[in-house]
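S.K.:
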Amino acid sequence: MKEQQDDKIPIFKSWRQWYVFVLVLHVLLILFFKFFTNYFA
Amino acid sequence: MSRPDWIVLVVTLAAIIAYGLYKSRTSRNLDGYFLSNRTMPWWLVLLSIMGTQASAITFLSAPGQAYTDGMRFVQNYFGLPLAMVVVSITFVPIFHKLKIYTAYEYLENRFDVKTRTLTSFLFLLQRGVSTGISIYAPAIILSSLLGWNIYWTNLFMGGLLIIYTVSGGARAVAYTQQLQLIIIFVGMFLAAYMVVHLLPAGIGFIDALKVSGRMSKLNVITTGVNEHGFNWNDRYNIWSGIIGGFFLQLSYFGTDQSQVGRYLTAKSVTESRIGLLMNGVVKVPMQFLILLIGTLIFSFYQFNQAPLFFNQVQVNKVARSAYADSLKTMQLHYDGLAVQKKAAVTRWVNDSKKGLDTRASEQEMKSINGQTEKIRTDFKSILNKGEIGGDTNDTNYIFLRFVVDFLPKGLVGLLIAVIFLAAWGSIAAALNSLASCTVVDIHKKFIDKNCTEQTDYRISRWYSFAWGLFSIVVAMFATNMGSLIEAVNVLGSLFYGVILGVFLVAFYVRRVRGHAVFISALVIELCIILLFWKSSIGFLWLNAIGALGVVILALLLQPFFTKAASHEP
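Structure below.
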């Protein structure tokens, strides 16, 4: 697709790295929530 | 409300309307009115996506939800980041490539006109009704605060909003959402600061968290498993959040025109994707922080007397009824318990700080809270009696009541403005998307196929106005719906699964054609409504059932249509 060829992907080298970044952050967030729940329970 | 509050409220709202009108200049055609000529950078797309999803209901109901049920509601959003990734991979490039105005246009390319029209109709139905609820949510604030008639308040609320939405289209919507979100974040931060600031001397932020944690309000992660195994009727747990929430969010961001219309305004696929992915990063923490305000308010009311029922209008009704004596008895008992509760909680905090055994004070604290909850339940049972009437759920009033009773002059006005702005952000986007679907999927398809650019622009404004009126009418009937944030999610879950199923078939099951997917969508929609009506299954599961149901049934039906086609002369 033309838009994809023209636009440089910011920060990371590929979209795959972007997707992994978002999902890893989310897993870390859930782990923090788990810790938060147990810590204050 | 005091005069400074009124000044802050009126100035803020007037500034937003003026800013919306100032940003209204756009090309007088469909591209300009509905897609802002596809010129938006990613950060404006992000703010617009967030402003569309976070309605007044988010800021009104969520703290109340945390106050009554704890923070587990945040799990509702656990499927969102995954959905953002799937939307970025699948939906965004296709929608941009086809240069479409509405998501449903794609379905005509892939299937046929009837499938496009059906999904567009389901969207119009659920979005039209939920926009009405979104108008009603801030309207209850004014009516309970100022004693205004709720119907006139709905009219006033929706009327102001329509001014800049009709005149400015998608461009005005996006730019006002940007300013609205900045004001909202500032207001909510100040509210959170004030809750902690108003705690008794010696009680800090961590102490407040510990208190609400001990009272099971910081239950961010729950598994939904009890002694009988997994509870399918449990509304919020990590599994329903990740699986059901994924389907709900995928459907919302991939197939709901109010969101699709936001990221179609981006100037490229990259700008759309970054906006969506950043939403996947910030949305869950944002929701967590809003819920955290609710738990802080809960802790605040452990040291200060909470109202017996947060909706004072309902309390006044009971005070004027035959149950007035019962109310007096309840109130006396409740007041006595509030004093005991404060002493017990203070003792627990002090013992905890000194490292002493806290079991006795914790037991006492929980016991008193149990008794106060029992009194609240008894009061609600009075409200349930026919002669009182009205809402028996005060979840939506908890945050507002705290703001009005305890925050300083000026800040009350700002927080009320925050609720208005949050409502306007999502309602404006909804009206814009409702109008775009009506014009592109219905009017230009069935009523007038040969409109000029000028006519397109003119009727688009008229349809925005008409949907605004429709939403106000719905708002008039939106009483007695319990927690409004749940009502909107339940309503969405009734239709989103099926719409998503149609799109999933379109993207991933190439051999299925129009007839099979159309019949599957109708049958599964009926099943979803029956399932919701006749069972008590957690509503988030309806999204997964609807989507997978359409995919499976379409796959099963397709061979019959293939045979029928091959037998045709």
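Respectively, the protein sequence lines represent chains A and B.
Each residue of the first sequence is one higher than the last, beginning at 1 in the working numbering.
Each residue of the second sequence is one higher than the last, beginning at 42 in the working numbering.
Positions of the beta carbon are idealized from the N, C-alpha and C atoms, including for glycine.
Can you tell me the Cβ-Cβ gap for Leu536/B and Gly105/B, rounded? I've got them flagged as a contact below 8 angstroms.
M.R.: Per the sequence shown, residue 536/B should be read as Phe rather than Leu. Contact doesn't hold; Cβ gap of about 26 angstroms is too wide.
S.K.: Where does Pro610/B sit, in a helix, a strand or coil, going by DSSP?
M.R.: No answer about Pro610/B holds up, because its pLDDT of 48 lies below 50 and its placement is not dependable.
S.K.: Pull up the CB-CB distance for Tyr74/B and Thr67/B, whole angstroms please, since I reckon it's below 8 angstroms.
M.R.: That belief holds up - the Cβ atoms of Tyr74/B and Thr67/B are roughly 6 angstroms apart, short of 8 angstroms.
S.K.: Of all the residues that make up the segment 219–252 of chain B, which are near chain A by a beta-carbon distance shorter than 8 angstroms?
M.R.: Within the segment 219–252 of chain B, the qualifying residues are Leu250, Lys251.
S.K.: Chain B partners of Phe12/A, CB-CB under 8 angstroms?
M.R.: The premise fails here: Phe12/A is roughly 10 angstroms from chain B at the closest Cβ pair, so nothing lies under 8 angstroms.
S.K.: Using a Cβ cut-off of 8 angstroms (strictly closer), state whether Leu23/A contacts chain D.
M.R.: Any reference to chain D falls outside this structure, whose protein chains are A and B.
S.K.: Who are the neighbours of Leu28/A on chain B, taking C-beta pairs under 7 angstroms?
M.R.: Residues of chain B passing the Cβ test: none, with the nearest at roughly 11 angstroms.
S.K.: If you count every other CB in all the chains shown that lies within 10 Å of the CB of Val133/B, and 16 or more means buried, which is it?
M.R.: Buried is the call here.
S.K.: Given Lys308/B, which residues of its chain have a CB within under 8 angstroms of its CB, disregarding the five upstream and five downstream residues?
M.R.: Same-chain partners within the cutoff: Arg79, Thr80, Met81, Pro82.
S.K.: Give the residues of chain A in contact with Leu318/B, contact being defined as C-beta atoms less than 7 angstroms apart.
M.R.: Ordered by position in chain A, the residues that pass the 7 angstroms Cβ test against Leu318/B are Trp18, Val22.
S.K.: Compare the C-beta of Pro122/B with all C-beta atoms of chain A and state if any pair is closer than 8 angstroms.
M.R.: Yes - at least one Cβ of chain A is within 8 angstroms of the one on Pro122/B.
S.K.: Just verifying my parser: in three-state terms, what is the DSSP assignment at Ala307/B?
M.R.: Looking at Ala307/B - three-state DSSP - the assignment turns out to be strand.
S.K.: Could you tell me which residues DSSP puts in a beta bridge with Gly270/B?
M.R.: Beta-bridge pairing links Gly270/B to Asn267/B.
S.K.: Put Met91/B into one of helix, strand or coil per three-state DSSP.
M.R.: It is helical.
S.K.: How would you write the range of the alpha helix (DSSP H) that Asp371/B sits in, first residue to last?
M.R.: The displayed chain sequence assigns Met, not Asp, to residue 371/B. Looking at the DSSP string, the run of the alpha helix (DSSP H) that includes Met371/B is 365–395.
S.K.: Just to confirm the assignment, what range does the alpha helix (DSSP H) spanning Ile262/B have?
M.R.: Taken as a continuous stretch (DSSP letters only), Ile262/B belongs to no alpha helix (DSSP H), as it is neither H nor E.
S.K.: Going by Cα to Cα distance, which pick from Leu452/B, Cys478/B, Thr496/B is closest to Asp297/B?
M.R.: Of Leu452/B, Cys478/B, Thr496/B, the residue nearest in Cα terms is Cys478/B.
S.K.: Based on the DSSP secondary-structure assignment, which residues constitute the bridge partners of Met81/B?
M.R.: Ala307/B.
S.K.: Counting pairs of beta carbons, one from the segment 167–185 of chain B and one from the segment 486–504 of chain B, are three or more of them closer than 8 angstroms?
M.R.: Not touching, per the Cβ criterion.
S.K.: If you measure from the beta carbon of Pro600/B to each beta carbon in chain A, is any gap under 8 angstroms?
M.R.: Pro600/B does not count as touching chain A.
S.K.: Ends of the alpha helix (DSSP H) at Gln290/B?
M.R.: Taken as a continuous stretch (DSSP letters only), the alpha helix (DSSP H) holding Gln290/B covers 286–296.
S.K.: Quick check on the DSSP output: the alpha helix (DSSP H) that includes Leu571/B runs from which residue to which?
M.R.: Note, Leu571/B: alpha helix (DSSP H), 555–575.
S.K.: By the DSSP assignment, the alpha helix (DSSP H) with Gln495/B in it spans what residues?
M.R.: 494–517 is the span of the alpha helix (DSSP H), which, as asked, contains Gln495/B.
S.K.: Among Gly243/B, Thr264/B, Ala242/B, Leu581/B, which residue has its Cα nearest to the Cα of Val529/B?
M.R.: Closest option to Val529/B, Cα to Cα, is Leu581/B.
S.K.: Count the other CB atoms within 10 Å of the CB of Leu373/B; is the residue buried (16 or more) or exposed (fewer)?
M.R.: Flag for Leu373/B reads exposed.
S.K.: Is the CB-CB distance between Asp446/B and Asn352/B below 8 angstroms?
M.R.: No, the pair does not count as a contact, with Cβ atoms beyond the cut-off.
S.K.: Please state whether DSSP places Ala242/B in a helix, a strand or coil.
M.R.: DSSP places Ala242/B in coil when its eight states are reduced to three.
S.K.: Note down, in chain order, each residue of its chain lying with its Cβ closer than 6 angstroms to the Cβ of Thr53/B, except the 5 sequence neighbours on either side.
M.R.: Answer for Thr53/B: Ala458, listed in chain order.
S.K.: Would you say Ile331/B reaches chain A, if we count a Cβ-Cβ gap shorter than 8 angstroms as a contact?
M.R.: Not one chain A Cβ lies under 8 angstroms of Ile331/B.
S.K.: If we call anything under 8 angstroms between Cβ atoms a contact, is Leu472/B one with Trp508/B?
M.R.: The answer is yes: Cβ separation under 8 angstroms.
S.K.: Is the beta carbon of Met112/B sitting closer than 8 angstroms to the one on Lys251/B?
M.R.: Result no, Cβ atoms of Met112/B and Lys251/B do not sit closer than 8 angstroms.
S.K.: Out of curiosity, what's the CA-to-CA distance linking Glu566/B and Gly466/B?
M.R.: So the alpha carbons of these two residues sit roughly 30 angstroms apart.
S.K.: Does any residue of chain A have a CB that is nearer than 8 angstroms to the CB of Leu259/B?
M.R.: Yes, contact with chain A.
S.K.: Any C-beta of chain A within less than 7 angstroms: which residues of the segment 284–309 of chain B qualify?
M.R.: Answer set for the segment 284–309 of chain B: Ser309.
S.K.: Return no unless some Cβ of chain A is closer than 8 angstroms to the Cβ of Pro326/B.
M.R.: Yes, Pro326/B counts as interfacial toward chain A.
S.K.: Does the segment 145–162 of chain B come into contact with the segment 548–560 of chain B, if we say contact requires no fewer than three beta-carbon pairs (one atom in each stretch) closer than 8 angstroms?
M.R.: With a cut-off of 8 angstroms, the segment 548–560 of chain B and the segment 145–162 of chain B count as touching, because enough Cβ pairs lie within range.
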